[in-house]
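Heads up, the thing below is written out as structure tokens.
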Amino acid sequence: MPSKYLPEFREIGRKIAYYRTLRGLSQEALADKVDISTSYLSKIEAPNSTMTFSLEVLFQIAEALNISIGVFFRPIDLQNTDNKIE
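Just so we're aligned: 17 in full-length UniProt numbering is position 17 of the sequence shown, and the numbers increase by one with no gaps anywhere.
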């Protein structure tokens with residue numbers, strides 16, 4: 001049974017991809033930092049994904065990207081695209 005929060009998971013996945021790209025990391029590089037498979041990260045980031053993931057994985061991704069986990073729950077600030085993302 002699909003999660004009723006699937007749209008929220010997809011939005012977080014898109015933000016993960018955005019911040020990963022902003023940091024200049026490939027999916028493989030980020031997956032290695034988080035110790036998950038590239039395939040798993042690819043599914044998390046996919047726009048039409050049905051993948052859900054744990055808070056632990058989200059915390060690990062945020063740490064690897066050197067950002068606060070809170071940025072995944074706020075709109076992307078296109079004016080603040082430097083490395084000082086909090």
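Positions of the beta carbon are idealized from the N, C-alpha and C atoms, including for glycine.
Length of the line joining the Cα atoms of residue i and residue j
{"i": "phenylalanine 59", "j": "valine 71", "result": "11 Å"}
{"i": "isoleucine 12", "j": "tyrosine 40", "result": "14 Å"}
{"i": "proline 47", "j": "arginine 14", "result": "7 Å"}
{"i": "proline 75", "j": "tyrosine 18", "result": "12 Å"}
{"i": "lysine 43", "j": "phenylalanine 53", "result": "10 Å"}
{"i": "glutamate 56", "j": "glycine 24", "result": "23 Å"}
{"i": "serine 68", "j": "threonine 38", "result": "22 Å"}
{"i": "alanine 29", "j": "alanine 62", "result": "14 Å"}
{"i": "residue 94", "j": "leucine 22", "result": "Summary: the structure shown does not reach residue 94, with the chain confined to residues 1 through 86, and so no result is reported for it."}
N-terminal and C-terminal residue of the alpha helix (DSSP H) that residue i is part of
{"i": "phenylalanine 73", "result": "That residue, phenylalanine 73, is in no alpha helix (DSSP H); it is neither H nor E in DSSP."}
{"i": "alanine 29", "result": "27-34"}
{"i": "lysine 43", "result": "38-45"}
{"i": "residue 102", "result": "Absent from the structure is residue 102, since the part of the chain shown begins at 1 and ends at 86."}
{"i": "isoleucine 61", "result": "55-65"}
Residue i versus the options, residue with shortest Cα-Cα distance
{"i": "leucine 6", "options": "Asn66, Ser49, Ser68 and Ile67", "result": "Ser49"}
{"i": "asparagine 66", "options": "Arg20, Phe9, Ser3 and Ser26", "result": "Arg20"}
{"i": "arginine 10", "options": "Glu45, Glu63, Ser26 and Val34", "result": "Glu45"}
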